[in-house]
Structure formats: C-alpha cells, structure tokens
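Heads up: the sequence shown runs through residues 0 to 194, numbered per numbering that gives the first Met the number 0.
For glycine and all other residues, C-beta sits at the position ideal for the given N, C-alpha and C.
Below you'll find the structure, written out as structure tokens, and then a few comments.
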Amino acid sequence: MLIISMLIYAVVASFTPGPNNIMALFFSQNLNFKSSLRFSIGVGFGFLLLLLISSIFNTTLHAAFPKIEFLMKIFAFIYLLYLALKISMSSIYGTKQTFSHKLSGLKSGVMLQLINPKGIIYALTVISTFITPFSTDWQKQLPFIILLAIIGFLGTLSWGVLGSLFKSFISTHERIFNFVMAGLLVYVAINILIH
Numbered sequence: 000m001l002i003i004s005m006l007i008y009a010v011v012a013s014f015t016p017g018p019n020n021i022m023a024l025f026f027s028q029n030l031n032f033k034s035s036l037r038f039s040i041g042v043g044f045g046f047l048l049l050l051l052i053s054s055i056f057n058t059t060l061h062a063a064f065p066k067i068e069f070l071m072k073i074f075a076f077i078y079l080l081y082l083a084l085k086i087s088m089s090s091i092y093g094t095k096q097t098f099s100h101k102l103s104g105l106k107s108g109v110m111l112q113l114i115n116p117k118g119i120i121y122a123l124t125v126i127s128t129f130i131t132p133f134s135t136d137w138q139k140q141l142p143f144i145i146l147l148a149i150i151g152f153l154g155t156l157s158w159g160v161l162g163s164l165f166k167s168f169i170s171t172h173e174r175i176f177n178f179v180m181a182g183l184l185v186y187v188a189i190n191i192l193i194h
C-alpha cells in the first residue's frame, strides 16, 4: 500500500482550508473553544461514517468491476491536480460568514460531512485509490479508515485549537503554505499513476 502517499494526501486534505476547518476556526474565535470542540467531534464522527460508506461503495464497485481501479486512479490524478491548482491560488480570506451558535454542535458537525463536497470527494478518492485496490476485506480496511477519520478530526480540531494563531500564520505566509500544500498534492497525484 502506498501508505506515505495516503498519509500525505490525508494530512493535506485535512489541514488545508475547507468548510470544516473554517467553521471550527470561526467557532473558536467567535463563540468559544467548547463550541469548536463539540463541532470537531461531530466532524470526526461524520467523517468516519462517510469513510465507512465510501468503503462499502468502493468495495462493492471494485468487486463488480475489477477494471475500475485504473479509472479511479485517473480520476484521483485529475482531481488531485485540480485541488493542487485551487490550493495554490486560494486564500483563507473571503467574505466573512456568520453562523448561529446552534451550528456549532455535534449534530451539525456530523451532518456537514454528508453534504461537504470536499469531504465526499476526498473519502471516495482516498478509499478507492489507497485502500480498496489492496484489500476488499473490511477487517483489513477498518484500521486505515479509523486512522483517516482521526487525521480528519485532528485537522479540524487544530483549526479550532490554534484559531487565531493558525489564521495569522497562514495569512502571513499564505503563498508559501499554499504552494507547499499544492506541491505535496502533485507528488501524491504522480505517485498514484506510477504505482
């Protein structure tokens, strides 16, 4: 298994700006850390659920159509290059969103995962590229799924914990940060095609 590439992809996807991280940052800065923590735990559970659903979907698809692996690698390669382009050109600053205190709960964190395009595409891509081709046995997949969910949780939690410090660091070194993250995604994309 391409475990190093999977971990790089997981860290880049989990720690770069996205709906989960921006909301955790907002809750930490504008409500309190407890709100951000509840939301982050919800994201972790929701992401675990999303990864499990993706694993079932990908395992079924892989068993029915073994040649699908090549197509999924091509899809993953193109998607990762697209993400790298978007990250290299992105900024965490946009129009400031306002969120209700009710949205900072565990339930909101779980529900967001079911409609979060970044999370859904990430789950489908990481499972189909790094896990299903090497094992369709759910007992062998489960430790990797749990590891990916923990990384996702830690990514969201880090934005809540480090709140203004992380935002300040990225705004100061935004271009370098974005180019490093984009470069890592390009590395992972190329690694997927080679293996």
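Secondary structure of P142, DSSP reduced to three states = helix
G41 beta carbon less than 8 angstroms from that of S107 | yes
Given F46, which residues of its chain have a CB within under 6 angstroms of its CB, disregarding the five upstream and five downstream residues?
-> Q112, A148 and G151
Is the Cβ-Cβ distance between S35 and F26 less than 8 angstroms?
-> yes
Put L1 into one of helix, strand or coil per three-state DSSP.
-> coil
Decide if the stretch 175–192 is in contact with the stretch 54–61; the criterion is three or more beta carbon pairs, one per stretch, under 8 angstroms apart.
-> no
Same chain, Cβ closer than 8 angstroms to I145, five either side skipped, listed in chain order = L47
Alpha carbon to alpha carbon, what distance is there between D136 and T15?
-> Their Cα atoms are separated by approximately 31 angstroms.
Classify F133 as helix, strand or coil using the three-state DSSP reduction.
-> coil
Near F143, what residues of its chain come up, given a Cβ to Cβ distance below 7 angstroms and the 5 sequence neighbours on each side ignored?
-> I130
Exposed or buried, what is S127 when buried is set at 16 or more other beta-carbons lying within 10 Å of its beta-carbon?
-> Classification for S127: buried.
How many angstroms separate the CA atom of A83 from the CA atom of S53?
-> 23 angstroms
Can the beta-carbon of V109 be found closer than 8 angstroms to that of F44?
-> yes
For L192, which residues of its own chain have a beta-carbon under 6 angstroms away from its beta-carbon, when the five flanking residues on both sides are left out?
-> F76
Starting from M88 and walking both ways along the alpha helix (DSSP H), at which residues does that stretch end?
-> Neither: M88 is in no alpha helix (DSSP H) and is coded neither H nor E.
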